[in-house]
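So the protein sequences, as listed, match chains A and B.
Residues 21 to 335 (this note's numbering) are what the first sequence spells out, left to right.
Residues 2 to 494 (this note's numbering) are what the second sequence spells out, left to right.
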Amino acid sequence: MLRYTLKRLISLVISLIIASFVIFFVIEIAPGDPASFMLGINAQPETLAALKEELGLNIPKHERYLSWVAGMLSGDFGMSYTYRTPINQMIADRMWVSLPLAVYALLISTLLAFPVGIYAATNRGKGGDITIMGATQLGIAVPNFWFAMIMVLIFAINLRWFSAGGFPGWEKGFFLCLKSLTLPALSLALPQAAILSRVMRSSLLDVLSEDYIRTARAKGLNKRQSLWRHALRNAMIPVLTIIGLQFAFLMAGSIIIEQVFFLPGLGRLVFQAISQRDLIVVESVVMILVFSVIIVNFIVDLSYAAVDPRLRNRV
Amino acid sequence: MNLFKSKLATLSALALAASISSASAKDTITVAMQLEPPHLDPTSAAAGAIDNVVYSNIFEGLTRFMADGSVVPGLAESWSISSDGLSYTFNLRKGVKFHDGTDMDANDVKFSLDRARAEDSTNAQKGLFKGIESVSVAGSHTVEVKLSAPNGKFLFNMAWGDAVIVAPESIENIKTTPIGTGAFKFANWVQGDKIDITRNDNYWGTPAILSAATFKFISDPTAAFAAMMAEDVDAFPGYPAPENLAQFDADSRFQVIIGSTEGETILSTNNKAEHLNNVKVRQAIAHAINRQAIVDGAMFGYGTPIGTHFAPHNPAYVDLTGNSNYDPDKAKALLAEAGYPNGFTTTLKLPPPSYARRGGEIIAAQLRAVGIETEISNLEWAQWLEQVFRGKDYGLTIVSHTEPMDIGIYANPDYYFQYDNKVFQDLMEELNNTTDPAGRTKLLQQAQRIISEDYVNGYLFQLAKLGVAKAEIMGLWPNSPTQAIDLTNVHWH
Numbered sequence: 021m022l023r024y025t026l027k028r029l030i031s032l033v034i035s036l037i038i039a040s041f042v043i044f045f046v047i048e049i050a051p052g053d054p055a056s057f058m059l060g061i062n063a064q065p066e067t068l069a070a071l072k073e074e075l076g077l078n079i080p081k082h083e084r085y086l087s088w089v090a091g092m093l094s095g096d097f098g099m100s101y102t103y104r105t106p107i108n109q110m111i112a113d114r115m116w117v118s119l120p121l122a123v124y125a126l127l128i129s130t131l132l133a134f135p136v137g138i139y140a141a142t143n144r145g146k147g148g149d150i151t152i153m154g155a156t157q158l159g160i161a162v163p164n165f166w167f168a169m170i171m172v173l174i175f176a177i178n179l180r181w182f183s184a185g186g187f188p189g190w191e192k193g194f195f196l197c198l199k200s201l202t203l204p205a206l207s208l209a210l211p212q213a214a215i216l217s218r219v220m221r222s223s224l225l226d227v228l229s230e231d232y233i234r235t236a237r238a239k240g241l242n243k244r245q246s247l248w249r250h251a252l253r254n255a256m257i258p259v260l261t262i263i264g265l266q267f268a269f270l271m272a273g274s275i276i277i278e279q280v281f282f283l284p285g286l287g288r289l290v291f292q293a294i295s296q297r298d299l300i301v302v303e304s305v306v307m308i309l310v311f312s313v314i315i316v317n318f319i320v321d322l323s324y325a326a327v328d329p330r331l332r333n334r335v
Numbered sequence: 002m003n004l005f006k007s008k009l010a011t012l013s014a015l016a017l018a019a020s021i022s023s024a025s026a027k028d029t030i031t032v033a034m035q036l037e038p039p040h041l042d043p044t045s046a047a048a049g050a051i052d053n054v055v056y057s058n059i060f061e062g063l064t065r066f067m068a069d070g071s072v073v074p075g076l077a078e079s080w081s082i083s084s085d086g087l088s089y090t091f092n093l094r095k096g097v098k099f100h101d102g103t104d105m106d107a108n109d110v111k112f113s114l115d116r117a118r119a120e121d122s123t124n125a126q127k128g129l130f131k132g133i134e135s136v137s138v139a140g141s142h143t144v145e146v147k148l149s150a151p152n153g154k155f156l157f158n159m160a161w162g163d164a165v166i167v168a169p170e171s172i173e174n175i176k177t178t179p180i181g182t183g184a185f186k187f188a189n190w191v192q193g194d195k196i197d198i199t200r201n202d203n204y205w206g207t208p209a210i211l212s213a214a215t216f217k218f219i220s221d222p223t224a225a226f227a228a229m230m231a232e233d234v235d236a237f238p239g240y241p242a243p244e245n246l247a248q249f250d251a252d253s254r255f256q257v258i259i260g261s262t263e264g265e266t267i268l269s270t271n272n273k274a275e276h277l278n279n280v281k282v283r284q285a286i287a288h289a290i291n292r293q294a295i296v297d298g299a300m301f302g303y304g305t306p307i308g309t310h311f312a313p314h315n316p317a318y319v320d321l322t323g324n325s326n327y328d329p330d331k332a333k334a335l336l337a338e339a340g341y342p343n344g345f346t347t348t349l350k351l352p353p354p355s356y357a358r359r360g361g362e363i364i365a366a367q368l369r370a371v372g373i374e375t376e377i378s379n380l381e382w383a384q385w386l387e388q389v390f391r392g393k394d395y396g397l398t399i400v401s402h403t404e405p406m407d408i409g410i411y412a413n414p415d416y417y418f419q420y421d422n423k424v425f426q427d428l429m430e431e432l433n434n435t436t437d438p439a440g441r442t443k444l445l446q447q448a449q450r451i452i453s454e455d456y457v458n459g460y461l462f463q464l465a466k467l468g469v470a471k472a473e474i475m476g477l478w479p480n481s482p483t484q485a486i487d488l489t490n491v492h493w494h
C-alpha cells in the first residue's frame, strides 16, 4: 500500500509541474493586455507605460513564471492586476462558495443516482427501468443551464420560494446559504445524476451476471442479500471513477451556473478575469483547479485500493 | 358572527397599518449593474462600473454633472476666470469633510490635480488635465489653476469622474477603501457579489434620503431578468436585455425608464484601408445602411438615428441624417463611380456588446445588398483594443463612443479611424480657444458638418439608456450624461 501511495504521489508532483508550465505560457500568449483594458480608449501612451511599469508587465515572461511558481510554493499567488488585492484572499473567498456548491451538487447527484441505478438494475427490462432509462437519457441531453433557467422561472419568479440568485454570505447563517445554493446545486446535479445512475445500473448489471453472484445465490442468499453483500461493492469501481471525474467537472464547470445565479464563486472570478485579461488570476485559478482535480484523482486511486484489495499490491 | 366580523376588521386594519409602516420605513435600495468595478478609484481606470458606484455618491469634483448634463458647482462654490481665459480661481466650499474626518481644503485640490497630471499618473483620461500649467494654493479654500492655452471645456472637464477630489491622507488604499466627500460612505465590498454604501450623516449639502444602498453585480441578461422579476433587486439602471422591456412595462410592479446617453454608436471605418480610403466608397456605405432597421433589429426600437458624431439632445446638435439617407441604388451608383461596380470585400470586427453583434449582422446584410461583402469576426474587448483600436488592423467595426462631447477625437490623425483633415484639426484648435457659448456652438456645428460630409464613419444611432426599477422608486437619473448611478436624491414613494 505504501509503494502504491508513493508512486501515485510522484506522478501527482510531475503532473503539477507540467501543468504549471503549460498553463502559464498558454495563457500568456492570449492577445490583449490588462493595462490597455483598464485604461480604455482615451489613455495617453505615457499613462499606459506608467501602468505597465506599476503592474510589473515589463518583466520578461520566464522571470515572471519563476517568481509565480516560487510564490505558489510558499502559498502566495501574488496580486491581481485589476483588483490589486492578493489572489490568495480572492481565491479563498470564492472557494467558500464554489466548494460547498460542488460538494452539495455531488451529494444530491449521488443520493439520487444510487437508489435509481440500483432500482433500474434489479428491475431490468420492466416498466420502472425503461422509464428511468428514458428520463436519464433526457437528463444527459439537456444542458444544466437550461435546467437552471427553468427552475428559476418556476421556483423564483412564479412561486417565489427561492431568490433568483445571489449568495448571502456564510455569516448570515448556514441554512440561508444552503437555501441559496439549492437551485444551483440541483441544476448542476441533475445531469450528473443521470450519468451516474446509468453507470451504476450498467456496472451492477455486469456484476449481477458474474459467476460468484450465482454461487452466492446457490449458497442460499436471497436476491437482496447477494446484492448488498457482494454485487454492490464490486460494482463500485466504475462508479467511483465517475464520481471523481464529476467532482472535477463540478469545480471547473460551474462557470455558467455561477453566471446564471450570479454567485460570487471561482467560476465567475475566472470569467471576469479572462475578459479583463487579469492573466495572473486566470493562471492561479486554473492552477488551483488542476491541483484539486489531481488531488481528487489521487484520492480516487487510493479508494480503488480500499475497495479492491488486489490493487494495493499491483501498481 | 359580529365578533368574527370585528376581529376581521381589526386584523385587516392591522395588516394595513403594517404594510403602511413597512412601506414608509423602506429607506434602502439594491441596485444591480452588469459589470463589477475592478477597484474603486475613478482616477486611475477607465471602467465605467467604477463611476457607476462612486460618482457623486462617494466622490465629488470641483464641478459636477447634473442629470440633464449641465455642469454646476460641486466642491467649488464659485470661480472667476481671468479675461485672457488662462487663469481659473476656484473658491472652495468651507466645512466640507472627507469620510475619515479630515477637512477638504485647497491642498487636497492641488494634490488631486497634480496627481492626475503627473508623469507617472495612471489616470485614464489624462488628456482632461493636459492644458494645466500649474495649480497653486492661494488660501486655505482658494485654488488658482493656470492653463497654457484657453480651454472652453475646462469646467466641463473638471466634472468628470476622473477629476474628483481625493485626499493625500487616504490615497494609499483608495482602490479598496475609497474616502471621498460625497453623501454616501463606502461600507463593504464582497468581491464578485456586491458593494454596500451608507449615508454620510456629516454631508455638507442636502443629505441623502436613503440610509444605505447595495450595488449587486449581475452580468448575464437572463439572470438580470430573473433577478428583477423575482424582486431580488430594486433597480437595474443599465438593463442589458432590451427584448424584455415590454414585459416590465406591462407589469404594474415595475417602471421602465428610457433616457439618452452620450454614446454615438458608429460603424467605425478605417480611413486608410484599401477601398475605404475613397470618400465615395464611404458615402456609398452611408447610403447602404438603413438606420431605423438597425435600431429596430438590434435595439428593439430604442435609439435615435444620427448623421454625425454628436448627441441629438445637445443644444448644438445639427440633424444631418439627410446626408446619409437609406438609398441602396445611390449606394450602388457611388460604388460604380468609385471604380468598384462589382463591390469589394472588407472586414467587420465586432466587440461583445449586443448592439455590435446584432447590429453587425444587419449591416453585413445591408452592405451585401449593394455588393460589399464583409468578413465578420467577433472579438472580446481586450482583443478589440489590441487589434482594432491600437493595431488599426480592420476595415469596419461597430462601437459606441460613450465619452461626452468627444468630437475632438476626429482631430487626431493617429486615432483608429485614421482621419487626417487639416481643416478639421484647425477648427478644433479654434474651438479650444473659444470660451463664449455662441461662438462654440457655431464651431461645433461646423465640425459636425465636416465629418458628416466626409463620411468619416457610418453614423448609426445614439445609444438609449434602458432602465428598469420598482414602480415606487423615484429620483433615478433617466439619462446618462456621464457614467453614474447617482443615488443622492433617490427615494421610495
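Ideal Cβ placement from N, Cα and C applies to all residues, glycine included.
Please read these numbers as outputs of a predicted model, since none were measured by experiment.
Item: Minimum C-alpha distance to residue 369(B) - residue among 344(B), 351(B) and 383(B); Value: 344(B)
Item: Beta-carbon gap between residue 322(A) and residue 23(A) smaller than 9 Å; Value: no
Item: Interface partners of residue 128(B) on chain A, CB under 8 Å; Value: 62 and 64
Item: Proximal residues to residue 317(A) (C-beta, below 7 Å), its chain only, five neighbours per side dropped; Value: 264
Item: Inter-stretch contact (C-beta, 8 Å, three-pair minimum) for the region 147-160 of chain A and the region 206-221 of chain A; Value: yes
Item: Straight-line gap, residue 250(B) to residue 179(B) (C-alpha atoms, nearest Å); Value: 37 Å
Item: Enclosing alpha helix (DSSP H) for residue 197(B) [first to last residue]; Value: Run containing residue 197(B): none in the alpha helix (DSSP H); it sits in the beta strand (DSSP E), 195-200.
Item: Distance between residue 348(B) and residue 433(B) (C-alpha atoms, nearest Å); Value: 36 Å
Item: Whether residue 350(B) touches residue 420(B) by CB criterion (9 Å); Value: no
Item: Cutoff 6 Å; reference residue 137(A); Cβ partners in own chain excluding five residues on either side; Value: 217, 220 and 221
Item: Per-residue contacts from residue 115(A) into chain B (C-beta, under 8 Å); Value: Chain B residues near residue 115(A): none, gap ~12 Å exceeds 8 Å.
Item: Span of the alpha helix (DSSP H), counted from its first residue to its last, around residue 374(B); Value: Not the alpha helix (DSSP H): residue 374(B) falls in the beta strand (DSSP E), residues 374-379.
Item: Span of the beta strand (DSSP E), counted from its first residue to its last, around residue 352(B); Value: Per DSSP, residue 352(B) belongs to no beta strand (DSSP E) and is neither H nor E.
Item: Where residue 23(B) falls, given that 16 or more other Cβ within 10 Å makes a residue buried; Value: At residue 23(B), the pLDDT of 44 sits below 50, so the modelled position is not reliable; the number obtained from the coordinates is stated separately. That one is exposed.
Item: DSSP three-state assignment for residue 47(B), whether helix, strand or coil; Value: coil
Item: Whole runs of the alpha helix (DSSP H) within the region 38-78 of chain A, excluding any shorter than 4 residues; Value: 54-59 and 65-75
Item: Buried versus exposed call for residue 255(B) [16 or more other C-beta atoms within 10 Å across all chains shown]; Value: buried
Item: Alpha carbon of residue 321(B) to alpha carbon of residue 198(A), nearest angstrom; Value: 58 Å
Item: C-beta neighbour in chain B for residue 56(A), strict 9 Å; Value: yes
Item: C-beta atoms of residue 277(A) and residue 208(A) nearer than 9 Å; Value: yes
Item: Boundaries (first-last residue) of the beta strand (DSSP E) holding residue 265(B); Value: 255-270
Item: Below-9 Å beta-carbon distance, residue 285(A) vs any chain B residue; Value: yes
Item: Buried or exposed (CB count within 10 angstroms, at least 16 for buried), residue 303(A); Value: buried
Item: Alpha-carbon to alpha-carbon, residue 95(B) and residue 524(B); Value: With chain B running from 2 to 494 in the structure shown, residue 524(B) is simply not present.
Item: For residue 30(B), the three-state DSSP class (helix, strand or coil); Value: strand
Item: Residue from 132(A), 77(A), 94(A) and 234(A) whose Cα sits closest to the Cα of residue 212(A); Value: 132(A)
Item: Any C-beta of chain A under 9 Å from that of residue 52(B); Value: no
Item: Contact under 9 Å by Cβ, residue 183(B) with residue 483(B); Value: no
Item: Runs of alpha helix (DSSP H) wholly within the region 418-481 of chain B (minimum 4 residues, chain order); Value: 423-433 and 438-454
Item: Any 3 or more C-beta pairs closer than 8 Å across the region 224-235 of chain B and the region 453-467 of chain B; Value: no
Item: Proximal chain B residues relative to residue 169(A), where beta-carbon distance stays under 7 Å; Value: 223
Item: Neighbour list for residue 289(A) in chain B, Cβ cutoff strictly below 9 Å; Value: 192 and 193
Item: Test: residue 463(B) CB closer than 9 Å to a CB of chain A; Value: no
Item: Where the alpha helix (DSSP H) through residue 323(A) begins and ends; Value: 299-327
Item: Contact list for residue 382(B) against chain A, beta-carbon separation under 7 Å; Value: 57 and 295
Item: Proximity of residue 408(B) and residue 449(B) at Cβ, strictly below 9 Å; Value: yes
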